[in-house]
Amino acid sequence: MSAATLFGWPIHGEALSRSDSFRVLGVPSDHGNGVSRGAALAPAAIRRASHGLATRRQVGCDGGDVLVPAGLSVGSLVERVYEAVTGCLDDGHRPLLIGGDHSLTFAPIDALQQRHPMGVVWFDAHTDFSPWQGTRGHSHKQVLRRVEALPGVQRIVQVGYRGFTADDETCLGSKAHVIPAVEAATMHLPALLRLMDAQLPWYVSVDIDVVEPFEAPGTSAPVPGGLTPARLIELVTAIARHRRVCGADVVEVNPRLDVGGMTSAIAATVLHAVADTAEHSSARA
3 MSAATLFGWP
13 IHGEALSRSD
23 SFRVLGVPSD
33 HGNGVSRGAA
43 LAPAAIRRAS
53 HGLATRRQVG
63 CDGGDVLVPA
73 GLSVGSLVER
83 VYEAVTGCLD
93 DGHRPLLIGG
103 DHSLTFAPID
113 ALQQRHPMGV
123 VWFDAHTDFS
133 PWQGTRGHSH
143 KQVLRRVEAL
153 PGVQRIVQVG
163 YRGFTADDET
173 CLGSKAHVIP
183 AVEAATMHLP
193 ALLRLMDAQL
203 PWYVSVDIDV
213 VEPFEAPGTS
223 APVPGGLTPA
233 RLIELVTAIA
243 RHRRVCGADV
253 VEVNPRLDVG
263 GMTSAIAATV
273 LHAVADTAEH
283 SSARA
């Protein structure tokens, strides 16, 4: 096993991994975050933080990082991530992405929704539903608005909202249901699952700012009143156990703002909950 890979999984190409297993893709970019630079350092930090977390058996491989040369535009970066995810899907693997900022999440969802109808569960302090004029430019502030417009995305469940926005973003259209952080902190797990059609495969996207910033300080847009790490893991584990997870990511970890690597450790634990629980779940599409 490699010390440079997530959970010590083998590097893609060095060992055979069976169909339907996960393939890790790091995206060391903060191109879509105009607030604070540093999320580009997260893939390496989260991989390091994962080394004490062993999955029950090999359920994936690490495909390394998407190449992000200096000067690359956000639109071109998203296209590169799309190509990497498409290759992953063509090989029969499920994508497990380490961000990077949240703008990258458009790419894996776009690639997946072209193959089958799907749902998206979006853990975030913000709705990421800022106005978008239909241009090619990507931003972490409007990425969910772009996702909502994709025809294959049938349902969106947004969990953890509490961020200040210029407009009312608690209603994201007919596809979406918003669960504010105060409700998500105490809601019964079956209530969450009832919002997620069991017939659809689901993509799980976790912006680490969904967590209370006192416990996850390493992010560029912290908002008080977030979920505890334990509650986030509980919700993610329930989804992975009872719904078909077609892919997942953790984004917006900023190691420059972190304290003792605690935010990277939470991110690694979230990815572990997805990979290890989904592999052993009886729920399959």
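If you want this note's numbering, it's the position in the sequence shown, counting the first as 1, plus 2.
Note that beta-carbon positions come from the ideal geometry of N, C-alpha and C, so glycine has one too.
Proximity below 8 angstroms, CB of residue i to CB of residue j
i, j, result
"serine 176", "valine 145", "no"
"valine 180", "leucine 237", "no"
"valine 61", "serine 23", "yes"
"leucine 273", "alanine 240", "no"
"cysteine 63", "arginine 96", "no"
"phenylalanine 125", "leucine 202", "no"
"leucine 8", "serine 52", "yes"
"glycine 101", "alanine 46", "no"
"leucine 152", "aspartate 92", "no"
"proline 226", "proline 219", "no"
"threonine 107", "aspartate 251", "yes"
"aspartate 209", "alanine 127", "yes"
"proline 231", "valine 247", "no"
"glycine 77", "glutamine 116", "no"
"valine 159", "valine 123", "yes"
Local Cβ density within 10 Å of residue i, reported as buried at 16 or more and exposed below that
i, result
"leucine 276", "Per the sequence shown, the amino acid found at residue 276 is valine instead of leucine. With 16 or more Cβ atoms within 10 Å of its Cβ, valine 276 is classed as buried."
"histidine 118", "exposed"
"leucine 289", "Summary: the structure shown does not reach residue 289, with the chain confined to residues 3 through 287, and so no result is reported for it."
"threonine 188", "exposed"
"proline 192", "exposed"
"alanine 270", "buried"
"glycine 121", "buried"
"glutamate 254", "buried"
"valine 261", "exposed"
"aspartate 67", "buried"
"serine 266", "buried"
"glycine 15", "exposed"
"glycine 94", "exposed"
"histidine 190", "exposed"
"valine 73", "A quick correction: the sequence has glycine, not valine, at residue 73. Label assigned to glycine 73: exposed."
"alanine 109", "buried"
"alanine 86", "buried"
"alanine 242", "buried"
"leucine 69", "exposed"
"alanine 186", "buried"
Cβ-Cβ separation, residue j to residue i (assumed contact under 8 angstroms), whole Å
i, j, result
"alanine 183", "glycine 228", "6 angstroms"
"glycine 40", "serine 207", "At roughly 19 angstroms, the Cβ-Cβ gap does not stay under 8 angstroms, so glycine 40 and serine 207 are not in contact."
Nearest candidate by alpha-carbon position, reference residue i, set the options
i, options, result
"alanine 6", "Ser38, Gly54, Arg39", "Gly54"
"alanine 42", "Ala218, Ala250, Asp103, Met264", "Asp103"
"arginine 157", "Val252, Ala232, Tyr205, Val212", "Tyr205"
"arginine 196", "Arg245, Pro71, Tyr84", "Arg245"
"valine 149", "Arg164, Tyr163, Thr129", "Thr129"
"arginine 258", "Gly10, Ser38, Glu217", "Ser38"
"methionine 264", "Leu27, Ile13, Arg50, Gly10", "Arg50"
"glycine 249", "Asn256, Pro224, Asp278, Ile268", "Asp278"
"proline 224", "Met198, Asp199, Ala200, Asn256", "Asn256"
"leucine 79", "Gly65, Thr57, Val29", "Val29"
"arginine 164", "Asp211, Ala56, Arg82", "Asp211"
"glycine 65", "Ser75, Glu81, Ala56, Pro12", "Pro12"
"glutamate 217", "Ile268, Gly10, Ala200, Asp199", "Ile268"
"alanine 56", "Gly10, Met198, Pro71", "Gly10"
"cysteine 90", "Ser75, Glu81, Met198, Leu27", "Leu27"
Cβ-heavy atom distance, residue i to the ligand MG, below 7 angstroms
i, result
"glycine 89", "You won't find the ligand MG in this model; it holds no ligand whatsoever."
Any C-beta of chain D under 8 angstroms from that of residue i
i, result
"glycine 54", "The structure shown contains no chain D; it is built from a single protein chain."
For this session: Jot down the residue ranges of each uninterrupted alpha helix (DSSP H) in the stretch 181-239, minimum 4 residues, whole runs only, in chain order.
Result: Within the stretch 181-239, the complete alpha helix (DSSP H) runs of at least 4 residues are 183-186, 191-196.
For this session: At 4 residues or longer, and completely inside the stretch 51-87: list those alpha helix (DSSP H) runs for me, N to C.
Result: Scanning the stretch 51-87 for uninterrupted alpha helix (DSSP H) segments of 4 residues or longer gives nothing; none is fully contained.
For this session: Taking only runs that begin and end inside the stretch 94-120, name each unbroken beta strand (DSSP E) of 3 or more residues, in chain order.
Result: You should have 96-101.
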